[in-house]
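The number in the working numbering is simply the position in the sequence shown, starting from 1, with 32 added. Cβ atoms here follow ideal geometry from the backbone N, Cα and C, with glycine treated the same way.
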Amino acid sequence: MDIFLNKYREEIISSLKEFIKIPSVISPPRPGAPFGPKVAKALDYVLNLGDSMGFEVKNLDGYAGHVQYGEGDEILGILTHVDVVPAGSGWTYPPFEGQVHDNRIYGRGAVDDKGPGIAALYALLALKEQGFMPQRTIRIIYGANEENDWECVNYYFSREKMPQIGLAFDGSYPVINGEKGVLVIHMEKDIEWRAPRFSIEDIKGGTAANAVPDYCCCTIEIRDQGLGGEVADLQRAFVEDTGYDVSITSMDGGRYRVESRGQPAHGSTPEKGKNAIGRLFKFLHFLDSGDEHLNEVLFHIGRLAMDHNGRDTGLFVKDEVSGSMTVNVGIVGKNNQAIYLKVNTRYPVTYSMDRAVEDFTRMAEGLGYKCKVENRLEPLYVKEDSYIINILKDIYQKTTGQPPYAFTIGGATYARALKNGVAFGPTFPGRPELAHQRDEYMDIQDLMTNIKIYTEAMMRLSMA
């Protein structure tokens with residue numbers, strides 16, 4: 033395997049760099065490109081790469097595609113995706129250039145999920161060059177809408193055979209045997225934006241429900257002369273008391289621009305980030321609009337956005353297998369008289385989806401909001417003593433020399449789209465969680481180790 037990696041090392045790096053250069057964020061559909069032209073270009077890129085290696089490839093109308101090797105009736109499915117979340121701001125290196133620094137390839141999608149997509153392809157090539165012929169057909173399936181509503185895999189599996197066994201290369205090592213249930217909920221209600229002390233002219237924060245927002249801003253008009261004279265002092269006092277990065281800039285006509293900055297994180301682990309939406313709303317509540325109803329809105333949104341596990345909002349549940357639920361307010365905006373939020377919640381694997389929806393709806397409607405579930409995913413759980421988990425743990429231990437174990441996550445991987453599958457890699461224990469964060473990168477040595485692990489996994493699971 034080392035001979036193969038030495039031979040293809042520079043090509044592997046170049047392939048990932050070119051893949052990252054395609055800004056495959058969802059955009060309005062076009063003919064043959066249901067998730068926008070950039071996503072379609074990324075799908076074409078990886079399928080063309082597989083074709084150049086001599087594999088059979090198929091593009092299913094821009095929704096998804098596959099690269100396959102072997103002629104067995106049964107299928108080993110390897111699921112990954114070509115789409116990425118928006119880059120956001122504050123990057124050290126450009127997010128769509130694939131620059132290499134300190135043996136790391138930087139860019140949006142380097143870890144989630146273009147790096148694993150490239151690793152899977154070269155693992156398949158390694159098997160082919162070894163002359164290995166699998167009993168099961170090995171099929172790498174590339175989705176194009178994983179970061180949104182998974183319409184890609186729904187479309188794919190309505191037209192293609194479901195694999196008998198599968199892996200999602202979109203998580204962490206050693207092996208993930210459980211994934212919490214996911215709800216993406218749109219909350220909205222009309223409010224009165226004008227209050228005695230200030231009015232809110234616009235407000236915007238976040239780019240995706242499943243990412244902790246690192247920036248939120250609004251424009252307020254001071255309507256109370258006393259507040260206008262002390263707003264700068266109030267801002268300084270708030271920052272000194274909380275440590276939050278909230279700034280205020282004077283504009284014309286008594287208007288001020290309020291900006292809040294936080295720290296991004298994946299929406300499944302909101303406790304690892306700092307929610308800029310929550311910070312901004314806490315500041316606005318601190319200013320006191322002079323209107324009881326608007327103050328209540330500001331208070332409750334600030335509390336919800338900072339309540340990572342639902343304890344303060346009555347949503348908290350937990351189990352022994354996967355731990356407590358999480359709550360992430362990922363987006364806020366203004367639509368005429370309405371304020372709206374997009375909230376991503378992850379609930380424990382033993383908890384029912386119906387109950388999770390009921391609990392959240394009860395909380396939101398109690399505050400006067402209308403709710404709509406925009407996306408939902410059932411939990412996934414595979415017992416640790418199962419056949420597939422034992423094989424993957426053995427591969428991990430033999431390749432890395434590290435003790436193997438299975439664990440559950442709040443993240444959602446394509447493993448849920450399979451009838452018999454789990455998530456496996458690419459992130460190693462001790463490495464930072466980089467998905468959906470600024471300065472996302474793939475360590476080049478980790479990329480090569482992933483190819484080793486994936487080659488062994490494909491070989492053993494395709495012969496079982």
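Per-residue DSSP class, three states only, for residue i
i, result
"Val389", "helix"
"Phe36", "helix"
"Tyr276", "coil"
"Ser204", "strand"
"Ala240", "coil"
"Ile150", "helix"
"His340", "coil"
"Ser356", "strand"
"Lys53", "coil"
"Phe318", "helix"
"Gln267", "helix"
"Leu399", "coil"
"Arg492", "helix"
"Lys70", "helix"
"Ala155", "helix"
"Cys160", "With the sequence shown as reference, residue 160 is identified as Lys, and Cys is not the correct amino acid for it. Helix at Lys160."
"Asp83", "helix"
Alpha carbon of residue i to alpha carbon of residue j, nearest angstrom
i, j, result
"Leu493", "Gln131", "35 Å"
"Val375", "Val143", "24 Å"
"Ser46", "Ile58", "24 Å"
"Asn38", "Thr481", "12 Å"
"Glu262", "Gln369", "28 Å"
"Asp367", "Val278", "Note that residue 367 is Asn in the sequence shown, not Asp. Rounded to whole angstroms, Asn367 to Val278 spans 24 Å at the Cα level."
"Leu330", "Glu272", "20 Å"
"Tyr205", "Gly462", "10 Å"
"Tyr125", "Asp134", "12 Å"
"Pro69", "Pro61", "7 Å"
"Tyr401", "Gln477", "49 Å"
"Val405", "Ala489", "37 Å"
"Asp344", "Tyr383", "19 Å"
"Pro435", "Pro63", "49 Å"
"Glu43", "Asn422", "33 Å"
Cβ separation of residue i and residue j, assumed to be a contact under 8 Å, to the nearest whole Å
i, j, result
"Pro127", "Gly139", "6 Å"
"Lys212", "Ser418", "Not quite, the Cβ-Cβ distance comes to about 19 Å (not below 8 Å), so this is no contact."
"Pro302", "Val359", "7 Å"
"Val207", "Leu424", "4 Å"
"Ile483", "Ile427", "Ile483 to Ile427, Cβ: 13 Å. No contact."
"Asp181", "Tyr446", "At roughly 13 Å, the Cβ-Cβ gap does not stay under 8 Å, so Asp181 and Tyr446 are not in contact."
"Ala308", "Arg289", "Ala308 to Arg289, Cβ: 14 Å. No contact."
"Glu465", "Ala438", "The Cβ separation is near 18 Å, so there is no contact."
Per DSSP, the bridge partner or partners of residue i
i, result
"Val185", "Answer is none; Val185 lacks a bridge partner."
"Ile173", "His98, Leu111"
"Arg463", "None; Arg463 has no bridge partner."
"Tyr138", "Tyr473"
"Leu92", "Ala96"
"Ile197", "Leu108"
"Phe230", "Ile254"
"Gln295", "Lys306"
"Ser282", "Tyr288"
"Asp351", "Gly355"
Check: residue i C-beta below 6 Å from any heavy atom of the ligand ADP
i, result
"Glu465", "For the structure depicted, the ligand ADP is absent and the ligand set is empty, with no information on it obtainable."
Exercise for review: Would you list, in sequence order, the uninterrupted beta strand (DSSP E) runs of no fewer than 3 residues that lie entirely inside the region 402 to 449?
Suggested key: The region 402 to 449 contains these whole beta strand (DSSP E) runs: 402 to 409, 438 to 441.
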